[in-house]
Structures are given as structure tokens and as C-alpha cells.
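Input: a single structure, listed below in C-alpha cells.
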Amino acid sequence: MTVAPHLLDAFERLFDNTWMNDLATMRQPTDTKLAAARSAAARAHRLHGGQSQAQTLATVPALGELLPGGALRAGTAYSVESSTALAMALMAGPSAAGAWCGVVGLPGFGAEAAAALGVNLDRLVLVPEPGTGWRSVVGALIDALTVVVVAPPVEVSTAEASRLGARLRQRGGVLVVCGSWPQCEARLSVSDSSWVGLGAGHGHLSGRQVTVLAQGRGTAVRPRRTRLWLPDARGEITFADPVMVSETPSTPGWIHEATG
Numbered sequence: 168m169t170v171a172p173h174l175l176d177a178f179e180r181l182f183d184n185t186w187m188n189d190l191a192t193m194r195q196p197t198d199t200k201l202a203a204a205r206s207a208a209a210r211a212h213r214l215h216g217g218q219s220q221a222q223t224l225a226t227v228p229a230l231g232e233l234l235p236g237g238a239l240r241a242g243t244a245y246s247v248e249s250s251t252a253l254a255m256a257l258m259a260g261p262s263a264a265g266a267w268c269g270v271v272g273l274p275g276f277g278a279e280a281a282a283a284l285g286v287n288l289d290r291l292v293l294v295p296e297p298g299t300g301w302r303s304v305v306g307a308l309i310d311a312l313t314v315v316v317v318a319p320p321v322e323v324s325t326a327e328a329s330r331l332g333a334r335l336r337q338r339g340g341v342l343v344v345c346g347s348w349p350q351c352e353a354r355l356s357v358s359d360s361s362w363v364g365l366g367a368g369h370g371h372l373s374g375r376q377v378t379v380l381a382q383g384r385g386t387a388v389r390p391r392r393t394r395l396w397l398p399d400a401r402g403e404i405t406f407a408d409p410v411m412v413s414e415t416p417s418t419p420g421w422i423h424e425a426t427g
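In our numbering, the protein residues as written are 168 to 427.
What follows is the structure, given as C-alpha cells:
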């Protein structure tokens with residue numbers, strides 16, 4: 168599921184139509200995933216004339232309340248600060264609905280934790296260490312996948328973000344950036360994170376509550392601050408209001424690593 172550094176140069180050629188006849192020679196599991204994703208993207212491109220029919224993507228309801236328009240919007244970028252788990256959660260909605268997703272530049276990405284949040288690992292492509300060619304890798308994946316999560320190793324200029332933004336709009340994808348990003352649709356950050364379930368020397372983690380602050384594009388958009396379970400004892404992302412807390416089962420159904 169991971170990609171070796173020597174395969175990175177092949178990504179751009181993989182998505183070049185002149186090289187499609189050579190796909191049968193690919194043997195690495197990730198290359199097989201990329202070929203399948205490229206085939207699905209090509210079919211959608213032919214059916215929809217190169218334009219995304221769906222203006223929004225499937226989104227976890229609790230996160231939709233924080234986003235402009237109530238859902239992830241096709242052709243846009245989102246910035247997530249201080250939480251890998253929140254980036255996973257944004258990817259979980261589209262992934263569970265059948266979308267192909269990719270993660271670039273996160274060598275410590277917890278696949279098990281992502282799966283617990285709803286990410287389908289069979290439709291997930293990981294490029295943990297893209298090196299200096301990370302921009303080309305992200306651009307290539309945008310051409311084939313619906314959602315791409317990236318942790319840029321350097322600050323990105325407005326011009327660079329604009330070029331990738333044009334590619335996103337053309338393909339109808341979504342970019343989730345771990346860190347700052349110019350011209351993003353919304354910025355989300357996590358604070359006041361606290362795990363529950365541990366007693367005085369006993370017990371195990373059963374859920375985590377966080378405060379999420381969301382700021383939409385433009386000065387006219389009022390920031391939103393919401394308390395969420397990320398995740399709750401069922402492994403779901405829900406509102407952490409008194410009703411939801413009281414409905415949380417006392418016996419957890421999962422134990423997995425804390426991420427972000």
C-alpha cells in the first residue's frame with residue numbers, strides 16, 4: 168500500500184494517456200491501485216464530459232455542520248491544522264461512499280485508525296515520503312483520485328496553490344492539506360483534546376472529545392466552534408453535546424491508537 172521512492176517518477180507517466188498501454192506491465196500493488204483509480208476516473212470523465220456532476224461529496228454529518236455549504240465541495244482545498252485525525256475524518260465520508268483517496272507526505276499515517284473512522288483501505292493510496300517531487304505526486308493523484316490528503320514539507324506559494332486549484336476544479340476533486348494553504352475553502356483546527364475511558368490506573372481509551380474551530384473563506388463568514396467526539400466509543404464522529412454523551416455506551420467496542 169506504500170510507494171517506494173523509485174516509483175515516484177513513474178506517477179506522472181502513469182497518468183499520461185500516451186503511457187496507458189503499458190499498464191499491464193505494472194506489478195507493484197500500489198501501481199495496481201493507481202491503475203484501477205485511473206480507470207474509474209477516466210470513465211467518470213467520459214460520462215460527465217470532464218465536469219463533476221456532484222457539487223458536493225459525501226461528508227460525515229458532524230463535520231458538515233462546520234463546512235461552508237454543509238459538505239465538502241468538489242474542486243476545492245481545505246486546510247487542517249493540529250490534527251491528523253481530523254484530516255482522516257474529512258476523507259472518511261467520501262471514502263465510505265466509494266471514492267478513491269490518497270495520502271501524501273505522512274509517513275506516520277495510521278491506517279488502522281483511518282479504517283476505524285470509515286476510510287476504505289482497499290481504495291487508499293499511500294505515498295509516505297514523496298521527496299522534493301511532492302507537487303508532481305499530488306498533481307498526478309488529483310488526476311485519478313477523488314480526495315488527496317497532503318502534508319507539504321515546505322510553505323506553498325499562492326501561485327502554486329492556484330495551479331493545483333485549477334487541476335482540482337477540472338477533475339472535481341478535493342485536497343485536504345495538513346497545514347496552511349492559500350485560497351482554501353475552509354480552515355479547521357483542533358484544540359482542547361481529551362481522551363476518556365481511563366480510570367485511576369485501569370481502563371482503556373474509549374473516545375476522545377475535541378473542540379474544532381472552522382473559518383470559511385472571506386471575512387463575511389463567521390467562524391464556527393463545535394465540540395465533537397473524534398471518535399466516540401463506537402468509533403464514530405459525532406457531536407459531543409449532553410445528549411450524545413449520555414447515549415455513548417459505557418463498554419467501548421474498539422481500542423485503537425490516538426492520532427493527531
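For each residue, glycine too, the CB sits at the ideal point set by N, CA and C. Treat the numbers as computed from the prediction; the structure is a model and nothing was measured.
Enclosing beta strand (DSSP E) for residue i [first to last residue]
i	result
V428	Nothing in the structure corresponds to residue 428, since the chain is present only between 168 and 427.
R394	391 to 396
E248	243 to 248
V314	314 to 317
V271	268 to 271
Range covered by the alpha helix (DSSP H) that runs through residue i
i	result
L293	Premise fails: L293 lies in the beta strand (DSSP E), 291 to 294, not in any alpha helix (DSSP H).
W301	301 to 311
E327	325 to 338
G231	228 to 231
G260	251 to 263
A283	278 to 283
Buried or exposed (CB count within 10 angstroms, at least 16 for buried), residue i
i	result
E352	buried
T299	exposed
R240	buried
G222	Position check: residue 222 holds Gln in this sequence, whereas Gly was assumed. Its Cβ having fewer than 16 others within 10 Å, Q222 is exposed.
E403	buried
P297	buried
G265	exposed
L288	exposed
P261	buried
V314	buried
T192	At T192, the pLDDT of 27 sits below 50, so the modelled position is not reliable; the number obtained from the coordinates is stated separately. By the neighbour-count rule (16 or more Cβ atoms within 10 Å), T192 is not buried but exposed.
P320	exposed
Other residues of its chain near residue i: CB distance less than 8 Å, five sequence neighbours each side excluded
i	result
V363	L372, S373, G374, R375, Q376
I135	In this structure the chain extends from 168 to 427, so residue 135 is not present and cannot be described.
E322	S347
P235	E352, A353, G383, R384, V388
H173	Unreliable positioning characterises H173 in this predicted model, as indicated by a pLDDT of 39, which lies under 50. A coordinate reading is not provided.
Inter-residue CB distance, residue i and residue j (contact presumed, cutoff 8 Å)
i	j	result
V341	L224	6 Å
F406	L397	In fact, because the Cβ distance is near 11 Å, the residues do not count as touching under 8 Å.
M295	L273	Sequence inspection shows Pro at residue 295; the Met mentioned does not correspond to that position. Contact flag correct, Cβ pair sits at about 6 Å.
A278	C345	About 16 Å separates the two Cβ atoms, so there is no contact after all.
Close-in-space but distant-in-sequence residues of the same chain around residue i (CB under 6 Å, 5 per side omitted)
i	result
V270	F276, L293, V316
G231	G237, A238
P349	T325, A328
S356	E248, S249, L380
S361	Q376
Q195	Note on Q195: pLDDT 42, under 50, position unreliable in the model; the coordinate value appears next. Here the set comprises nothing.
S358	T378
A263	G285
L291	C268
Residue-level contact to chain D via CB, residue i, 8 Å cutoff
i	result
A307	Within the model displayed, chain D is absent; a lone protein chain is all it includes.
Neighbourhood of residue i by C-beta, 7 Å cutoff - its chain only, sequence neighbours within 5 removed
i	result
M258	C268, V286, V314, V316, V343
L233	L355, V379, A381, R391, T393
A256	V227, L230, L284, L397, I404
T243	L335, V341, E352
Are the segment 278 to 288 and the segment 325 to 335 touching, with three or more C-beta to C-beta distances below 8 Å? Taking a contact to require three or more Cβ pairs closer than 8 Å, the segment 278 to 288 and the segment 325 to 335 do not qualify as touching.
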